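In terms of the working numbering, the sequence shown opens at residue 6 and continues consecutively. For glycine and all other residues, C-beta sits at the position ideal for the given N, C-alpha and C. These numbers were taken from a predicted model, which means no experiment stands behind them. As structure tokens, the structure follows; a few thoughts come after it.
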Amino acid sequence: MRRGTVPPQVPDRRAGQGGRPAWNRHIFGKGTSRRLLWVLAVQSILALAFLGDSVIDVLALRAEPTSYTFREVMQVAGLVALVASLGLNWHLLRMILAQGRDLQGRVARSALDFEALVAAEFAAWDLSPSERDVALLVIKGFSNPEIAGIMGKSEGTVKTQSNAIFRKAGVNSRVQLVGVIVDRMVGERMIGPEEGSAA
């Protein structure tokens, strides 16, 4: 991305259609959330009915005892709602686990893409193996003393290699070096497969 250009507006992934969060649609899928709400509503109604019936029996507010048929109908309805909720919860659990596996795969692929991008940039800058190690630690945010401790070198050597890296990369500071990598990553994301093949 060239300096002075206005970055494209990135849509908020948290907002879905109708103002609903996108994660809700991605995890539960279309229609699943509605079915879950229906099951919860039926369970709530049955729970209130059972609770009200129990309170009436305890306080002896009922003029006549509840019929056996009514109690059987309530028990069957509660059992059906319980089985339906168990099935729906199992379905949701499977979907969430699948989403977790997919997310782990995306993170792994992103890490591989980042490593490949950094390696390509280092090759284009013609960095030596030791300079590549220093540059990678610089990109990760380590200071010169920390890099010196990790690599077993003096701070002066690390500073000299850092200056050589900046010169080869055409930048003047650590921030600019990281900015080059970030700009390259953003550029790779913005260029789609069709545009890349056309170029």
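Out of curiosity, what's the CA-to-CA distance linking residue i and residue j?
{"i": "residue 125", "j": "residue 148", "result": "23 Å"}
{"i": "residue 78", "j": "residue 51", "result": "11 Å"}
{"i": "residue 83", "j": "residue 90", "result": "10 Å"}
{"i": "residue 200", "j": "residue 171", "result": "Any reading at residue 200 must be qualified, since the residue scores a pLDDT of 47, below 50, and its modelled position is unreliable; no value is offered."}
{"i": "residue 103", "j": "residue 150", "result": "43 Å"}
{"i": "residue 97", "j": "residue 107", "result": "15 Å"}
{"i": "residue 112", "j": "residue 105", "result": "11 Å"}
{"i": "residue 72", "j": "residue 109", "result": "56 Å"}
{"i": "residue 58", "j": "residue 64", "result": "10 Å"}
{"i": "residue 53", "j": "residue 114", "result": "50 Å"}
{"i": "residue 47", "j": "residue 179", "result": "60 Å"}
{"i": "residue 169", "j": "residue 155", "result": "19 Å"}
{"i": "residue 60", "j": "residue 87", "result": "22 Å"}
{"i": "residue 95", "j": "residue 49", "result": "20 Å"}
{"i": "residue 190", "j": "residue 120", "result": "11 Å"}
{"i": "residue 76", "j": "residue 101", "result": "37 Å"}
{"i": "residue 116", "j": "residue 99", "result": "26 Å"}
Grab me the residues of residue i's own chain with a C-beta within less than 8 Å of its C-beta, minus the 5 sequence neighbours each way, in chain order.
{"i": "residue 144", "result": "123, 182, 183, 186"}
{"i": "residue 153", "result": "159, 160, 162, 163"}
{"i": "residue 157", "result": "none"}
For residue i, which of the options has the nearest alpha-carbon?
{"i": "residue 85", "options": "177, 44, 130", "result": "44"}
{"i": "residue 80", "options": "192, 56, 121", "result": "56"}
{"i": "residue 192", "options": "101, 132, 118, 72", "result": "118"}
{"i": "residue 176", "options": "38, 140, 74", "result": "140"}
{"i": "residue 133", "options": "120, 101, 166", "result": "166"}
Near residue i, which residues of its chain fall below 7 Å by C-beta distance, leaving aside the five closest residues on each side in sequence?
{"i": "residue 93", "result": "40, 41, 44"}
{"i": "residue 128", "result": "none"}
{"i": "residue 32", "result": "Residue placement at residue 32 is poorly supported in this model, since its pLDDT is 47, which falls under 50; the coordinates still yield a value, given next. Excluding positions up to five away in sequence, the list reads 100, 101, 104."}
Excluding five sequence neighbours on each side, which residues of the same chain lie with their C-beta closer than 6 Å to the C-beta of residue i?
{"i": "residue 173", "result": "130"}
{"i": "residue 142", "result": "152"}
{"i": "residue 17", "result": "Low local confidence applies: a pLDDT of 44 at residue 17 is under 50, so the model's placement there is unreliable, with the coordinate-based value given in what follows. Once the five neighbours on either side are set aside, residue 17 has no close Cβ partner at all."}
{"i": "residue 137", "result": "127"}
At which residue ranges does the region 83-158 contain complete alpha helix (DSSP H) runs of 4 or more residues, listed in the order of the chain? 134-144, 149-156
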